[in-house]
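S.K.: Input: one structure, supplied below.
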Amino acid sequence: MTETLTRVNRVGQAAGLASPWALSLRDSWGRTARDLRLSVTDRCDLRCSYCLPREGVKWVSRQELLDSSEILRLAGIAIHRLGITQVRLTGGEPLLRPDLLEIAAGITHTFAAAGRDPQVALTTNARSLAPLASALRAAGVQRVNISLDTLDPARFAEITGRDELASALEGIDAALSAGFQPMKMNTVMLDQVSLREAPDLLRFCLERGIEWRAIEYMPFGPHTVRVGSAEQLDFSKLRPALEREFRLSPVHENIDIHAPATRFQVFDLAGTKRLGTMGLISSVSTPFCADCNRTRLSPTGLVRPCLFSNLSCDLGAMLRRGASDDELAQAWAAVTWEKPSGHGLGQQDFHSPTIPMAQIGG
0 MTETLTRVNR VGQAAGLASP WALSLRDSWG RTARDLRLSV TDRCDLRCSY CLPREGVKWV
60 SRQELLDSSE ILRLAGIAIH RLGITQVRLT GGEPLLRPDL LEIAAGITHT FAAAGRDPQV
120 ALTTNARSLA PLASALRAAG VQRVNISLDT LDPARFAEIT GRDELASALE GIDAALSAGF
180 QPMKMNTVML DQVSLREAPD LLRFCLERGI EWRAIEYMPF GPHTVRVGSA EQLDFSKLRP
240 ALEREFRLSP VHENIDIHAP ATRFQVFDLA GTKRLGTMGL ISSVSTPFCA DCNRTRLSPT
300 GLVRPCLFSN LSCDLGAMLR RGASDDELAQ AWAAVTWEKP SGHGLGQQDF HSPTIPMAQI
360 GG
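Each residue of the sequence shown is one higher than the last, beginning at 0 in numbering that gives the first Met the number 0.
Right, here's the structure in full:
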């Protein structure tokens with residue numbers, strides 16, 4: 000990443016916690032984390048080859064996973080003491096967590112107790128979403144992001160190791176019926192096949208009022224096996240490929256500088272009918288690190304200020320040793336202060352994290 004940030008002096012990080020937000024998740028580059036990515040499990044019911052191996056997966060032991068009361072305690076510290084304004088439940092696959100509804104309802108209540116509108120979201124592969132969609136909405140989940148890389152059943156099975164596309168599509172329909180709108184669908188652009196499928200994926204989303212988001216493939220962790228073509232997709236080719244069938248117009252109003260997607264209004268090819276919106280997330284070729292406002296908490300209580308950094312703090316271990324809320328908040332703030340300026344992809348000294356994405360949360 001090109002250096003665009005300037006280090007700032009530490010101000011107020013050692014303050015007491017007598018008043019709300021006496022601490023904040025501010026780093027030494029002037030950014031403040033407001034968005035908590037909360038991974039509730041490392042387990043997943045799919046085996047996407049760029050994320051998890053097909054065999055030999057070493058799951059975190061159930062004794063190491065935080066229970067619901069521990070998750071809600073750390074989420075409460077984040078919301079009440081550290082200024083977190085939105086929480087996204089992730090995994091692994093969060094729907095595999097048996098007490099997910101309890102966790103979602105507890106976080107919703109925590110926001111309300113803090114005097115703020117609940118902002119609770121969920122990222123899922125949708126395979127198990129159909130029977131839970133209405134209950135999740137009742138528990139306070141407001142937004143759902145679907146991860147789906149193809150609409151072709153054979154390719155879905157190739158990528159995920161499971162012949163479960165029909166279940167994922169059923170989950171998407173159930174979420175729409177439950178009132179989760181607007182919804183977003185994330186597609187990792189893996190190879191040239193992804194490029195050919197992109198117009199159909201966009202059309203699928205436009206027909207359902209879903210915002211499609213194409214994500215540049217990121218070489219992350221120990222499982223970076225490519226799918227399909229050995230040639231890495233040039234992400235810059237995606238927009239021209241889409242513009243053979245649609246007209247794209249950049250969105251300039253109401254831009255959230257912390258949102259990773261470059262958003263477009265989508266029109267028919269003649270430009271006379273607006274069809275919806277879509278986004279491009281080019282994390283590698285066009286990093287958005289300078290505007291990052293995220294912090295991540297693993298299912299074992301490990302805080303990671305940056306997805307691509309090995310910098311972390313084990314709040315779960317501290318909690319189980321009897322640490323107070325003040326001590327946990329101070330530790331969270333301290334590790335955030337050390338957050339690097341950027342992910343460093345493409346630099347000679349870059350070293351990808353040695354643990355899979357499923358153990359961190361996206």
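C-beta atoms are modelled at their ideal positions from N, C-alpha and C, and glycine is treated no differently.
Rounded to a whole number of angstroms, what is the C-alpha to C-alpha distance between residue 56 and residue 42?
M.R.: Distance between residue 56 and residue 42, taken at the CA atoms: about 9 Å.
S.K.: Would you grab the beta carbon distance between residue 368 and residue 257 for me? Rounded to a whole angstrom, and I think it's under 8 Å.
M.R.: Because the chain here runs from 0 to 361, residue 368 falls outside it and cannot be looked at.
S.K.: Going by the DSSP bridge assignment, what does residue 399 pair with across the sheet?
M.R.: This structure cannot speak to residue 399, because the chain is shown only from 0 to 361.
S.K.: Within 8 Å, do at least three Cβ pairs link the stretch 197 to 215 to the stretch 258 to 276?
M.R.: yes
S.K.: Is the CB-CB distance between residue 198 and residue 245 below 9 Å?
M.R.: yes
S.K.: DSSP state of residue 432, grouped into three classes?
M.R.: Nothing can be reported for residue 432: it is not among the residues displayed for the chain, which extend from 0 to 361.
S.K.: Count the other CB atoms, across all protein chains shown, that sit within 10 Å of the CB of residue 192; report buried if there are 16 or more and exposed otherwise.
M.R.: buried
S.K.: Between residue 144 and residue 283, what straight-line distance do the alpha-carbon atoms span, to the nearest angstrom?
M.R.: The alpha-carbon atoms of residue 144 and residue 283 are separated by roughly 21 Å.
S.K.: What are the start and end residues of the alpha helix (DSSP H) that includes residue 266?
M.R.: Looking at the DSSP string, residue 266 is not in any alpha helix (DSSP H); the run it does join, the beta strand (DSSP E), is 261 to 266.
S.K.: Nearest to residue 106 by alpha carbon, out of 265, 69, 297, 164?
M.R.: 69
S.K.: In whole angstroms, give me the CA-to-CA distance for residue 329 and residue 92.
M.R.: 30 Å
S.K.: With distance defined between alpha-carbon atoms, name the residue in 35, 146, 126, 183 nearest to residue 165.
M.R.: 126
S.K.: Let's test the definition: count the other Cβ atoms within 10 Å of the Cβ of residue 236 and tell me whether it reaches 16, buried, or not, exposed.
M.R.: exposed
S.K.: How close, in whole Å, do the beta carbons of residue 64 and residue 299 come, if the pair is a contact with beta carbons under 8 Å?
M.R.: 6 Å
S.K.: Any idea if residue 249 is buried or exposed, counting beta-carbon neighbours within 10 angstroms, 16 or more meaning buried?
M.R.: exposed
S.K.: How would you label residue 286, buried or exposed, when you count the other beta carbons within 10 angstroms and need 16 or more for buried?
M.R.: buried
S.K.: Taking the beta strand (DSSP E) that residue 249 falls in, what are its first and last residues?
M.R.: Per DSSP, residue 249 belongs to the beta strand (DSSP E) from 246 to 249.
S.K.: Check residue 91 in the structure and name its three-state DSSP category.
M.R.: If DSSP states are grouped into helix, strand and coil, residue 91 belongs with coil.
S.K.: Using C-beta distances below 6 Å, list every residue in its chain close to residue 20, excluding the 5 sequence neighbours before and after it, in chain order.
M.R.: Here the model assigns residue 20 a pLDDT of 46, short of 50, so the residue's position is not dependable and the matter cannot be decided.
S.K.: Using the beta-carbon count (16 or more within 10 Å), is residue 139 buried or exposed?
M.R.: buried
S.K.: Given this structure, state the Cα-to-Cα distance separating residue 168 from residue 156, to the nearest angstrom.
M.R.: Approximately 14 Å, taken between the alpha carbons.
S.K.: Of the residues 306, 163, 179, which one's Cα is nearest the Cα of residue 338?
M.R.: 306
S.K.: Can you give, in chain order, each stretch of the beta strand (DSSP E) that sits fully within the stretch 259 to 311 and has at least 3 residues?
M.R.: 261 to 266, 273 to 280, 293 to 296, 301 to 303
S.K.: Once you ignore the five residues that flank residue 268 on each side, which residues in its own chain have a CB closer than 7 Å to its CB?
M.R.: Around residue 268: 244, 245, 246.
S.K.: Use the C-beta contact count for residue 54: other C-beta atoms within 10 angstroms, 16 or more gives buried, fewer gives exposed.
M.R.: exposed
S.K.: What residue does the beta strand (DSSP E) around residue 172 start on, and which one ends it?
M.R.: Note, residue 172: premise wrong, no beta strand (DSSP E); alpha helix (DSSP H) at 164 to 176.
S.K.: Verify whether the separation of the beta carbon atoms of residue 196 and residue 149 is less than 9 Å.
M.R.: yes
S.K.: From residue 359 to residue 28, what does the alpha carbon distance come to, in whole angstroms?
M.R.: 23 Å
S.K.: Name the one or two DSSP bridge partners that residue 85 has.
M.R.: 34
S.K.: Sorted by chain position, which residues of the same chain lie with C-beta nearer than 7 Å to residue 270's C-beta, five sequence neighbours on each side aside?
M.R.: Contacts found: 246.
S.K.: Just checking my contact of residue 38 with residue 281 at CB under 8 Å: how many whole Å lie between their CB atoms?
M.R.: About 24 Å separates the two Cβ atoms, so there is no contact after all.
S.K.: In whole angstroms, give me the CA-to-CA distance for residue 171 and residue 78.
M.R.: 30 Å
S.K.: Thinking just about the alpha-carbon of each residue, which of 96, 40, 185 is nearest to the one in residue 260?
M.R.: 185
S.K.: For residue 134 and residue 175, which I take to be in contact (beta-carbon distance under 8 Å), what is that distance rounded to the nearest angstrom?
M.R.: Going by Cβ atoms, the distance from residue 134 to residue 175 rounds to 16 Å, so no, they are not a contact pair.
S.K.: Taking the alpha carbon of residue 146 as the point to measure from, which residue in 108, 110, 45, 103 has its own alpha carbon closest?
M.R.: When each option's Cα is compared against that of residue 146, the closest is 45.
S.K.: Note down the Cα distance separating residue 313 from residue 333, rounded to an integer number of angstroms.
M.R.: 12 Å
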